[in-house]
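Q:
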Amino acid sequence: MGEERKGVKIHSTALVADSAKIGEGTVIWAYVQVGENAEVGKSCILGNGVYVDRNVKIGNNVKMHNKASVYDGTIVEDDVFIGPHACFTNDKYPKFDSTRDLEDVSWRVKKGASIGANVTVLPDVTIGVGAVVGAGSVVTKDVPDGALCYGNPAVVVKEGK
Numbered sequence: 031m032g033e034e035r036k037g038v039k040i041h042s043t044a045l046v047a048d049s050a051k052i053g054e055g056t057v058i059w060a061y062v063q064v065g066e067n068a069e070v071g072k073s074c075i076l077g078n079g080v081y082v083d084r085n086v087k088i089g090n091n092v093k094m095h096n097k098a099s100v101y102d103g104t105i106v107e108d109d110v111f112i113g114p115h116a117c118f119t120n121d122k123y124p125k126f127d128s129t130r131d132l133e134d135v136s137w138r139v140k141k142g143a144s145i146g147a148n149v150t151v152l153p154d155v156t157i158g159v160g161a162v163v164g165a166g167s168v169v170t171k172d173v174p175d176g177a178l179c180y181g182n183p184a185v186v187v188k189e190g191k
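The structure is reproduced here in structure tokens:
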């Protein structure tokens, strides 16, 4: 591992902004990027190639697998699992247009939720406490607490308790 700051292990190839706050016991692997003013809690694991945009807030005990991406406006609460290649995309209608305003989009992943590999989460979505999103899903609307959902678009197949 490369740099260490206050009990944090940061691989030598990772790019972590000086203004980012990283909690004790967190491990940041190769080729990770953590943007300005991002906050990553204690005892997290950011796998190879994870992208954490500026101003993102990540709680404690969060595991983000390889190549997952979260963008400005994302809040990830404690004990969340985010699978490899999951992406919180910042544009519902992707098209090159330099006049578009993407500043007012947000996501929230509540405590204990699990997001499978290759999941795409569109803007302005909340994934509830303990909810599970199946691999390959495209989440276009809120997922209730404790629910299991999957598909494209993701649909709730089991309600939470």
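Note that my numbering has the sequence shown beginning at 31, numbered continuously upward. Where is the CB? At the ideal position from N, CA and C, for every residue including glycine.
Return helix, strand or coil for Glu69, following the three-state DSSP convention.
A: Glu69 falls in the strand class under three-state DSSP.
Q: Is it buried or exposed for Leu152, if we count other Cβ within 10 angstroms and need 16 for buried?
A: Label assigned to Leu152: buried.
Q: Measure the C-alpha to C-alpha separation of Gly158 and Ala44 and round it to an integer number of angstroms.
A: Going from the Cα of Gly158 to the Cα of Ala44 covers about 30 angstroms.
Q: Kindly list the residues whose CB is nearer than 6 angstroms to the CB of Ile105, restricted to its own chain and excluding five residues on each side of it in sequence; keep chain order.
A: Answer for Ile105: Lys87, Arg138, listed in chain order.
Q: Could you spell out where the beta strand (DSSP E) holding Arg138 opens and where it closes?
A: 137-139 is the extent of the beta strand (DSSP E) around Arg138.
Q: Who are the Cβ neighbours of Ala50 in its own chain at under 6 angstroms, not counting the five residues just before and after it?
A: The residues are Val64, Ala68.
Q: Are the Cβ atoms of Gly103 and Val135 separated by less than 8 angstroms?
A: In contact: Gly103 and Val135 (Cβ atoms closer than 8 angstroms).
Q: Any idea if Glu107 is buried or exposed, counting beta-carbon neighbours within 10 angstroms, 16 or more meaning buried?
A: Per the 10 Å Cβ criterion, buried.
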